[in-house]
RNA sequence: GCCGGCAUAGCUCAGCUGGUAGAGCAGCUGAUUCGUAAUCAGCAGGUCCGCGGUUCGAGUCCGCGUGCCGGCUCCA
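Numbering (my numbering), first residue to last: 633 to 1331.
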């Protein structure tokens, strides 16, 4: 009988008869190991423990101590959940059920919606299936057989997957009792290996089959699982904890902003406290811009459609803009002709298409809607709430001739833009319909592109560093070679993409290159951060653009006395004030550093006779530029302190007889508690120093 | 936009199977003058998101709309 030579992780070798399984190997080491085996890693590849070993090999038994264990465990939980759903709701069709970062989900197609109370029933059934300790077994077969099997079982989604993924090689299915799933594996050897109390079904959500909105919408059940009940509890506690720092909750509690149904969804009203934070941030960035040679400009909130036809924003991005504002004269003429709303929009679009045709030709781009023809007298123009600031800034640049000696020209503006985000996308301050970008556009020579992009990136780094934002990732967004949504020539795209890559390399932080993530006019470098519930948001962005300069026919005179085309760079280190402040609220959990805190100091007189002293101290602090209030209500000190703590005021200065006599204040820090008595003037200087340096520490 | 859930006082929430609303905090008034996270008492506060419908009767049931929440899709 043939033998197998098996090498263990510690380098030792053992011999087993042919047909031995990983489980046999584990048993040979210890019964406990065999019992704890999730799967086996054979020559570096994960396999099920009960399968015969393929030959001589290196083997490692995967237990709950291994890095791969959690993923296997969760995936088996996903099957367990689908198994339970099929038992409770036999009419449900199963789709896909992968593991994700903090758990797993499974998609089902079922006529009736899952109700939240169904989740508990499913969990219960999962535990029941665990108690059956049903073996989970892999079976390999040709894809046709798998497809037929799933078709016979009335599982069209699985049959489709078998067809799509199988074509070239045999596929595998996993069976546990009556439940079959199309799956690569590996899995735990039986349902009894899953421990009750280590998983939790979290929510039901809609999700399109294969992520395509043209496909049917399925029902997705999100869940999580950990290797121990303790870890699950910890994770659930973290989720609860995260909810407490949600900017929507804190924004309300700390009165930082308000969204009013009557003003409109996605439109932020900055209340005084939030406005203070925003103003401080704008002051900060303005200082940095002056240091880096930017010029500040102001532009209006609207622009003629013509402008956006030239830029390419209209009508291409029509669906994500507020509808055009038609000029009153044009509207009157159209009304006289009994022109319907639809017809009116037709005329606006036809006019834009005609103009876009000539511009697009220059930009070397396929023309959109060029087929429409309309008599000139029916062409309408109107205005658009600006979706971007660049066209206005471009017009400032092109309002006068430029020599290469002028370049780079850096125009900055806190410019407010409006975009018609889909209603389902709106989210607190992080996804809104009107927002202010800390925008700037740099116009430079081709030779200057690298240095300018690097300058922009260093600005982002300074800003993130000052605010202590360290947990972000950097994405270099490149064009998707298969898509036609881009404007401009391949040659210019190649140059721009290379410039971005180069600049990113000099950044000193890891970055990923992601095709399909470019803007329609050029590649970009984005700084992406997560909110409290793990959603990613793009904040700072730097974008290289060879195309808008062509569309607007921008020029400068070179040293050779010939006309040259400048390159544009779009950049916004915060991205938008709304989103950035939303993220900052969560980052600081509402406890802003001194320089940003809406209220920096609160004076707390012990009794009425100390109020006038506190008012005097407050005046001194205000004169020095600090934001100070006095809590003169006839409440006990403990009460006032509790309130100031909840409102996250960085410093509370308590004053009673002792302090009045000494001209001092008793300092209590939001973080750090009682710091003892300090001379009032001395402490003022300490605070001024911290504000000037924009330090993060509150102690 | 799509799927699901939710909407009661300024805030957080209670209100069983239909019988025209309640608490805590906040607010106001008064008393208390107090030393590092809640002093006591009284008062006031609600078109139960909006519009229809079913019913003798709707906060509660049904339909439509609006907004919010989670997810999907999208994000120049």
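Positions of the beta carbon are idealized from the N, C-alpha and C atoms, including for glycine.
- Here DSSP, grouped into helix, strand and coil, assigns residue 1268 to coil.
- The secondary-structure analysis by DSSP pairs residue 649 across a beta bridge with 635.
- By the Cβ-count criterion, residue 1181 is buried, with 16 or more other Cβ atoms from all chains shown falling within 10 Å of its own Cβ.
- For residue 812, the enclosing beta strand (DSSP E) has its first and last residue at 811-814.
- Residue 1264 and residue 1230 do not touch by the CB rule: their CB atoms are close to 19 angstroms apart, not below 8 angstroms.
- Take residue 1189, set aside five residues on each side of it, and the residues of its chain with a beta-carbon closer than 6 angstroms to its own are 1035, in chain order.
- In the DSSP secondary-structure assignment, residue 832 is bridged to 856.
- Pairing residue 884 with residue 1220, the inter-Cα distance amounts to about 15 angstroms.
- Of the candidates 688, 648 and 1242, 1242 places its Cα closest to the Cα of residue 1297.
- Remark: C-beta atoms of residue 1047 and residue 1062 do not approach each other more closely than 8 angstroms.
- Here DSSP, grouped into helix, strand and coil, assigns residue 1298 to strand.
- Residue 773 carries a strand assignment under DSSP once its states are collapsed to helix, strand and coil.
- Taking 4 residues as the shortest admissible run, the stretch 899-953 contains the following complete alpha helix (DSSP H) segments, listed from N- to C-terminal end: 904-923 and 937-943.
- The stretch 859-872 makes contact with the stretch 692-705, as at least three CB pairs between them are under 8 angstroms.
- Of all C-beta pairs linking the stretch 704-713 to the stretch 815-824, three or more are shorter than 8 angstroms, placing the two stretches in contact.
- Under DSSP, residue 1262 shares a beta bridge with 1235.
- Beta-bridge analysis with DSSP links residue 739 to 852.
- If you check the CB distance, residue 1254 and residue 1262 do not come in under 8 angstroms.
- Residue 786 has no beta-bridge partner at all, per DSSP.
- For the pair of segments examined, the stretch 910-918 was found not to touch the stretch 1291-1309: the number of CB pairs separated by less than 8 angstroms stays below three.
- The straight-line gap separating the alpha-carbon atoms of residue 752 and residue 746 is approximately 11 angstroms.
- In this structure, residue 1199 and residue 1176 form a Cβ contact; the two beta carbons are roughly 7 angstroms apart against a cut-off of 8 angstroms.
- In this structure, residue 716 sits near residue 754, with a CB-CB distance shorter than 8 angstroms.
- Taking one beta carbon from each stretch, the stretch 829-840 and the stretch 769-777 have fewer than 3 pairs nearer than 8 angstroms; the two do not touch.
- Between residue 1013 and residue 972, the C-beta gap is not smaller than 8 angstroms, which leaves the two residues out of contact.
- Excluding its 5 nearest sequence neighbours in each direction, residue 766 has C-beta neighbours in its own chain below 7 angstroms: 808, 809, 822 and 823, listed in chain order.
- DSSP places residue 1317 within a helical segment (H, G or I) once states are collapsed to three.
- Two segments are said to touch when three or more pairs of C-beta atoms, one from each, lie closer than 8 angstroms; by this definition the stretch 1110-1124 does not touch the stretch 1072-1084.
- With respect to residue 1058, residue 955 sits apart: the two C-beta atoms are not nearer than 8 angstroms.
- Closest by C-alpha distance to residue 1274, out of 1300, 1044 and 1289, is 1300.
- Distance from the CA of residue 1124 to the CA of residue 1159, rounded to the nearest whole angstrom, comes to 23 angstroms.
- In the three-state reduction of the DSSP assignment, residue 1145 falls in the strand class, which pools E and B.
- Counted as a single uninterrupted DSSP element, the beta strand (DSSP E) harbouring residue 1169 occupies residues 1168-1177.
- Residue 1172 and residue 1205 do touch by the CB rule: their CB atoms are close to 5 angstroms apart, below 8 angstroms.
- In this structure, the CA atom of residue 940 is about 5 angstroms from the CA atom of residue 946.
- Within the same chain, Cβ atoms closer than 6 angstroms to the Cβ of residue 1276 are found at 1234 and 1284, the five residues on either side in sequence being excluded.
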